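Residue numbers (the numbering used here): 2 to 701.
See below for the structure under consideration.
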Amino acid sequence: MENNMKKKQTRKNEEGSGVVTGIGHGGELHQTSGNGSPELTTNQGVPISDGQNSLKANEHGPTLVEDFILREKITHFDHERIPERIVHARATGAHGYFELTESLEEYTTASVLTEKGARTPVFTRISTVAGGAGSVDTPRDIRGFAVKFYTKQGNWDLVGNNIPVFFIQDAIKFPDLIHAVKMEPDRGFPQSASAHDTFWDFISLTPESMHTVMWIMSDRTLPRSLRMIEGFGVHTFRLINSAGRSTFVKYHWRPKLGLQSTIWDETVKISGADQDYHRRDMFEAIASGKFPEWELFVQLFTSEQAEQFPFDHLDPTKLIPEELVPLKKIGRMVLNRWPDNFFAETEQVAYCPSHIVPGMDFSNDPLLQGRLLSYHDTQLSRLGTVNFHQIPINAPKCPFGNHQRDGHMQMGHPTGRVSYEPNSLSGNSPRESPMNGFHSLPSLETGEKARVRSESFKDHYSQARQFYISQTDHEQSHIASALVFELSKVEHPHIREAIVGHLRHIDEKLASRTASALGMNKLPAAPPSAAPVMDLPPSTALRTIGNMKDTLMGRTIAILVMDGSDGILINGLKKAAEDAGADAKIIAPRIGGIKLADGSAMDVDGQLPGSPSVLFDAIAVVIPEDGAKALLNESSAVDFVRDAFVHLKAIAVDKGGRALLSGVNIKPDAGLVEAAETALFIAAAKTRQWDREKNVRTLI
Ligand code: HDE
Numbered sequence: 002m003e004n005n006m007k008k009k010q011t012r013k014n015e016e017g018s019g020v021v022t023g024i025g026h027g028g029e030l031h032q033t034s035g036n037g038s039p040e041l042t043t044n045q046g047v048p049i050s051d052g053q054n055s056l057k058a059n060e061h062g063p064t065l066v067e068d069f070i071l072r073e074k075i076t077h078f079d080h081e082r083i084p085e086r087i088v089h090a091r092a093t094g095a096h097g098y099f100e101l102t103e104s105l106e107e108y109t110t111a112s113v114l115t116e117k118g119a120r121t122p123v124f125t126r127i128s129t130v131a132g133g134a135g136s137v138d139t140p141r142d143i144r145g146f147a148v149k150f151y152t153k154q155g156n157w158d159l160v161g162n163n164i165p166v167f168f169i170q171d172a173i174k175f176p177d178l179i180h181a182v183k184m185e186p187d188r189g190f191p192q193s194a195s196a197h198d199t200f201w202d203f204i205s206l207t208p209e210s211m212h213t214v215m216w217i218m219s220d221r222t223l224p225r226s227l228r229m230i231e232g233f234g235v236h237t238f239r240l241i242n243s244a245g246r247s248t249f250v251k252y253h254w255r256p257k258l259g260l261q262s263t264i265w266d267e268t269v270k271i272s273g274a275d276q277d278y279h280r281r282d283m284f285e286a287i288a289s290g291k292f293p294e295w296e297l298f299v300q301l302f303t304s305e306q307a308e309q310f311p312f313d314h315l316d317p318t319k320l321i322p323e324e325l326v327p328l329k330k331i332g333r334m335v336l337n338r339w340p341d342n343f344f345a346e347t348e349q350v351a352y353c354p355s356h357i358v359p360g361m362d363f364s365n366d367p368l369l370q371g372r373l374l375s376y377h378d379t380q381l382s383r384l385g386t387v388n389f390h391q392i393p394i395n396a397p398k399c400p401f402g403n404h405q406r407d408g409h410m411q412m413g414h415p416t417g418r419v420s421y422e423p424n425s426l427s428g429n430s431p432r433e434s435p436m437n438g439f440h441s442l443p444s445l446e447t448g449e450k451a452r453v454r455s456e457s458f459k460d461h462y463s464q465a466r467q468f469y470i471s472q473t474d475h476e477q478s479h480i481a482s483a484l485v486f487e488l489s490k491v492e493h494p495h496i497r498e499a500i501v502g503h504l505r506h507i508d509e510k511l512a513s514r515t516a517s518a519l520g521m522n523k524l525p526a527a528p529p530s531a532a533p534v535m536d537l538p539p540s541t542a543l544r545t546i547g548n549m550k551d552t553l554m555g556r557t558i559a560i561l562v563m564d565g566s567d568g569i570l571i572n573g574l575k576k577a578a579e580d581a582g583a584d585a586k587i588i589a590p591r592i593g594g595i596k597l598a599d600g601s602a603m604d605v606d607g608q609l610p611g612s613p614s615v616l617f618d619a620i621a622v623v624i625p626e627d628g629a630k631a632l633l634n635e636s637s638a639v640d641f642v643r644d645a646f647v648h649l650k651a652i653a654v655d656k657g658g659r660a661l662l663s664g665v666n667i668k669p670d671a672g673l674v675e676a677a678e679t680a681l682f683i684a685a686a687k688t689r690q691w692d693r694e695k696n697v698r699t700l701i
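Below, the structure is given as structure tokens:
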């Protein structure tokens with residue numbers, strides 16, 4: 002039985018060593034070496050006497066093939082890598098729990114959603130889509146948001162994204178979409194970027210993608226932190242209650258810290274300054290006990306209600322506005338433990354949308370239906386075996402057992418002669434469970450077998466328009482700028498024109514501002530629309546600005562200092578930031594500490610060239626007056642303040658700081674405050690200085 006396995010061999014992560022140790026069949030640990038640490042052995046348990054030198058014929062002679070210790074070590078190393086995920090390769094994962102705060106007993110029998118107050122362990126993996134495993138954390142990209150719930154009734158994987166809709170309506174188009182967005186096959190670039198011909202060529206010929214395109218061109222795809230993104234199940238799923246009644250459900254995760262994005266220019270610079278910006282942020286948050294948290298909401302609706310929607314609830318390019326079906330809060334997820342080992346957990350975790358538990362079911366969303374086969378198949382090639390569920394990160398935490406057997410990397414050790422059911426030979430053998438077992442919702446499927454797309458999927462522009470008109474002016478101009486940036490990287494004019502043609506169905510002004518910024522002499526014609534475009538009402542829930550919380554929790558403030566700085570001002574700012582929930586970092590031209598004006602010493606967290614202001618949410622400059630003169634000759638200091646200003650951050654200054662700012666021609670505005678006025682600074686730091694934007698860049 003599978004649940005009997007693992008007893009014989011344990012995998013231990015020795016504190017600080019990262020060493021894989023085993024316990025022999027007798028159960029005794031390897032003898033210790035002379036200094037008290039465990040002995041270094043081969044994988045066969047043979048003690049190694051010299052791990053520094055391979056076996057040679059003589060001092061200057063060739064290495065001998067009989068050196069099984071060398072061969073084993075090198076061969077294992079040669080096979081250390083497994084295929085990375087074809088999409089979502091780059092990711093950050095963490096353990097935690099989901100706590101149910103509201104029971105959905107009326108709708109489902111799934112214990113994870115009915116046992117109010119119960120905590121279910123989870124492993125959550127947040128990823129980018131297009132780049133490889135070693136790519137940067139901060140491209141303009143959708144973020145995957147995958148949660149594995151280890152429930153009492155088996156594993157439930159909710160494998161979603163940070164955007165509630167998707168590019169395509171049918172799974173058969175997924176390989177084309179991904180081939181188009183990934184690096185172009187002849188040249189092998191760009192890595193992790195949609196700003197190239199093949200992506201926009203595909204989009205221009207796939208009008209159903211225009212709604213998702215609006216979302217990815219918005220600042221949602223430039224998150225400040227993974228702790229500040231939403232998550233969505235995207236598809237409509239089903240819940241089934243004890244009477245067998247089905248209710249449709251959509252899942253939404255909302256971050257406790259609110260939504261926050263970076264600004265495009267800032268994002269580009271972050272990618273250079275810290276390739277692991279998001280991973281590091283999550284790691285540090287968890288390490289310091291500031292656990293990332295999300296609330297889980299559901300939208301519940303019946304098929305009768307769905308009939309009344311102006312769009313098809315099975316179409317994954319559409320969302321269900323919360324004004325139409327309100328969000329019901331049912332629980333929260335807290336991530337409180339960083340994985341012990343990145344490969345064993347974040348890399349080997351295998352999510353499958355087909356992993357659901359009794360009390361749940363799928364809908365007929367044709368994209369979801371394709372996903373139900375794809376993920377398991379992917380795991381077979383990535384992890385190499387049908388036994389991937391035995392890897393600890395993937396194994397259910399409830400008892401599980403059946404009569405499947407053997408296969409590559411079988412870690413179980415079933416005993417006895419029975420591996421089938423029904424049987425009369427083993428009373429202990431697992432049996433089916435008609436009451437508690439998983440039941441699919443009975444449904445009557447009729448109609449003609451055909452390769453078709455439902456008529457009700459034809460409206461490609463109404464919700465794209467709704468998204469665009471729901472944005473603030475700043476967000477609208479960021480969308481326009483993003484479109485212009487991306488399309489300006491496209492070499493073929495006909496592709497640029499085709500996209501602007503689609504934009505005309507979304508918003509004529511958006512189309513004309515994009516066309517003019519791309520230097521088009523006349524507005525390209527709009528392609529025919531398969532369905533009339535509706536004027537849906539704007540929704541503030543679709544914005545990022547305004548959904549950023551009035552808090553400094555999870556944010557970081559940098560204080561630029563140097564020898565001779567005023568310690569009282571620095572400590573005042575630091576305390577105010579920390580009292581408001583932020584981290585404060587002291588940045589100086591050199592690491593190793595500074596001497597304050599009163600002669601005392603102060604530790605420093607970062608060296609100026611390695612700590613650009615793009616890595617912080619607001620800055621303060623507390624330097625002696627004559628220091629400004631010296632810093633004006635340091636490009637890293639000039640960039641530090643200039644970037645903070647153009648990225649619309651609050652800046653606190655003392656006299657020396659003000660001199661530095663005026664030296665780089667920064668004009669005072671409401672976001673520029675005295676370093677002694679800590680309350681004013683904290684208030685300004687909680688938001689971006691949006692009014693400044695028109696003074697620092699051309700708004701398209
Ligand atoms: Fe995925 N997707 N996907 N996807 N997806 C994978 O499975 C696929 C889709 C999503 O952290 C792969 O295990 C198809 C929508 C996430 O490990 C692969 C289709 C949504 C992750 C796959 C979709 C997602 C994946 C690659 C169209 C949001 C990362 C590795 C029918 C609701 C999970 C793997 C993790 C990963 C296929 C569309 C989210 C190739 C065929 C829609 C978050 O199987």
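Glycine included, every Cβ here is placed at the ideal spot set by N, Cα and C.
Predicted model only: the values in this text are computed from it and were never measured.
Counting only residues of its own chain and dropping the five nearest sequence neighbours on each side, SER612 has a CB closer than 6 angstroms to the CB of ILE588. C-alpha of GLY594 to C-alpha of VAL562: approximately 10 angstroms in a straight line.
Looking at the DSSP output, PHE238 sits in a beta bridge with VAL250. Between ALA660 and VAL674, the gap from beta carbon to beta carbon reaches 8 angstroms or more. In terms of CA proximity to GLU346, ALA95 leads the group THR207, PRO191, ALA95, ILE321.
Sorting PRO625, LYS319, LYS270 by C-alpha distance to the C-alpha of GLY658 places PRO625 at the top.
Straight-line measurement puts the Cα of THR688 at about 59 angstroms from the Cα of ILE49. Take the alpha-carbon of PHE468 and the one of THR541: they are about 9 angstroms apart.
Judged by pairs of C-beta atoms under 8 angstroms, the segment 590-605 touches the segment 563-571, as three or more such pairs exist. Residues of the same chain with a CB within less than 7 angstroms of the CB of GLY417, apart from the 5 flanking positions on each side, are SER427 in chain order.
Closest in C-alpha terms to THR110, from the list PHE646, PRO359, PHE458, comes PRO359. Scanning ILE204, ALA516, ILE496, ILE70 for the CA closest to the CA of PHE175 turns up ILE204. As summarised for the segment 276-363, the continuous beta strand (DSSP E) elements at least 3 residues long and confined to that stretch are 294-302, 329-338, given in chain order. The three-state secondary structure of LYS510, taken from DSSP, is helix. Here ASP599 carries a coil assignment [DSSP, helix/strand/coil].
Short of 8 angstroms from the beta carbon of GLY408, and not among the five residues preceding or following it, lie these beta carbons of its own chain, in chain order: THR386, VAL387, ASN388. As a beta-bridge residue in DSSP terms, SER262 pairs with PRO224.
Within a 10 Å sphere around the beta-carbon of PRO354 sit 16 or more other beta-carbons, which makes this residue buried. In this structure GLY145 does not touch ILE173 by the C-beta definition: roughly 21 angstroms separates them, more than the 8 angstroms allowed. Ranked by Cα distance from PRO494, the first of ALA286, ILE569, ASP202 is ASP202. By the neighbour-count definition (other C-beta atoms within 10 Å, threshold 16), ILE394 is a buried residue. Runs of the beta strand (DSSP E) lying entirely within the segment 67-142 and spanning at least 3 residues, in chain order: 92-101, 120-129. Assigned with DSSP and collapsed to three states, PHE190 falls in coil, not helix or strand.
Contact between SER136 and SER193 holds: their C-beta atoms lie close to 4 angstroms from each other, under 8 angstroms. Set against 7 angstroms, the gap from the CB of LEU297 to the closest heavy atom of ligand 1 is not smaller. Between ligand 1 and SER128, a heavy atom-to-CB distance of less than 7 angstroms is present. Here GLN391 carries a helix assignment [DSSP, helix/strand/coil]. The Cβ atoms of ASP187 and SER226 do not sit closer than 8 angstroms to each other.
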